[in-house]
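Asker: Dumping the structure here so I can ask a few things about it.
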Amino acid sequence: MPTMTAAQKRAAAKMSYDVFMAECKSRQLLDRIADKWVALVLCALDEADEPQRFSALSRRIAGVSQKMLTQTLRNLERDGLVTRTVTPTVPVTVHYALTPLGASLRTLCGALKDWAEQHMDEILDARDVYDERSA
């Protein structure tokens with residue numbers, strides 16, 4: 001049996017991507033993107049007119065801890081969705097921005113954010129009806 005290169009192995013795996021299979025790599029990515037902090041970071045970076053500093057993101061995303069924002073940004077950078085640019089100043093300046101791949105999620109993330117904001121009253125009403133029935 002001939003040996004496959006890494007690119008050939010990736011191509012073969014891509015043919016079998018199925019998010020309904022537990023071991024599927026695309027399912028792992030879906031898990032990442034579905035995380036609330038990931039969605040909020042992507043939306044915050046998308047809405048900004050320029051690359052953002054960590055502190056600006058932290059202020060924009062209420063409730064995110066420094067540790068969670070750091071982990072989220074690192075994971076997004078690892079996945080190629082965010083770039084981290086370090087400028088050697090005193091103190092060091094670090095900016096985050098969407099990559100073209102990250103920007104390709106613009107429509108999806110924006111639509112989810114808009115949907116949640118537009119339908120929250122209906123969701124709250126449905127919860128009240130459910131809770132009254134269940135009581």
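Just so we're aligned, residue 1 is where the sequence shown starts under this note's numbering, counting upward by one.
In this text, a Cβ means the ideal position worked out from N, Cα and C, and glycines have one as well.
On a CA-only basis, which of Leu45, Phe54, Lys25 and Leu108 is nearest arginine 10? Give me that one, please.
Answerer: Nearest of Leu45, Phe54, Lys25 and Leu108 to arginine 10, Cα basis: Lys25.
Asker: Is serine 86 helix, strand or coil when you go by DSSP?
Answerer: The sequence given here places valine at residue 86; serine does not occur at that position. Valine 86 falls in the strand class under three-state DSSP.
Asker: Within this structure, are the beta carbons of alanine 44 and leucine 57 separated by less than 8 Å?
Answerer: Their beta carbons are under 8 Å apart, which means alanine 44 touches leucine 57 by this criterion.
Asker: Following the continuous beta strand (DSSP E) through valine 94, name the residue where it begins and the one where it ends.
Answerer: Note, valine 94: beta strand (DSSP E), 93 to 98.
Asker: Following the continuous alpha helix (DSSP H) through leucine 42, name the residue where it begins and the one where it ends.
Answerer: First-last of the alpha helix (DSSP H) with leucine 42: 36 to 47.
Asker: Starting from the Cα of arginine 32, find the closest Cα among Ile123, Lys67, Ala116 and Glu77 and give me that residue.
Answerer: The shortest C-alpha separation from arginine 32 is found at Glu77.
Asker: Since threonine 99 contacts leucine 81 with CB under 8 Å, what's their CB separation in whole angstroms?
Answerer: Yes, they are in contact, since the Cβ atoms of threonine 99 and leucine 81 sit about 6 Å apart, within 8 Å.
Asker: Could you check if tyrosine 96 is buried or exposed, using at least 16 other CB atoms within 10 Å of its CB as the buried criterion?
Answerer: Buried, because 16 or more other Cβ atoms sit within 10 Å of the Cβ of tyrosine 96.
Asker: Please report the straight-line C-alpha distance between threonine 93 and glutamate 23, rounded to a whole angstrom.
Answerer: In a straight line, the C-alpha of threonine 93 is about 39 Å away from that of glutamate 23.
Asker: Look up glutamine 52 in the DSSP assignment and give the residues it is bridged to.
Answerer: Bridge partners of glutamine 52: Tyr96.
Asker: One question on the structure: do cysteine 109 and leucine 30 come within less than 8 Å of each other, judged by their Cβ atoms?
Answerer: No; because the gap between Cβ atoms is not below 8 Å, this pair is not in contact.
Asker: When burial is assigned at 16 or more other CB atoms within 10 Å of the CB, is glutamine 72 buried or exposed?
Answerer: Per the sequence shown, the amino acid found at residue 72 is threonine instead of glutamine. Result: buried.
Asker: Quick check on glutamine 28: buried or exposed, where buried means 16 or more other Cβ atoms within 10 Å of its Cβ?
Answerer: It is exposed - the Cβ of glutamine 28 has fewer than 16 other Cβ atoms within 10 Å.
Asker: At the level of alpha carbons, what is the spacing between proline 2 and valine 64?
Answerer: Their backbone Cα atoms lie some 50 Å apart in a straight line.
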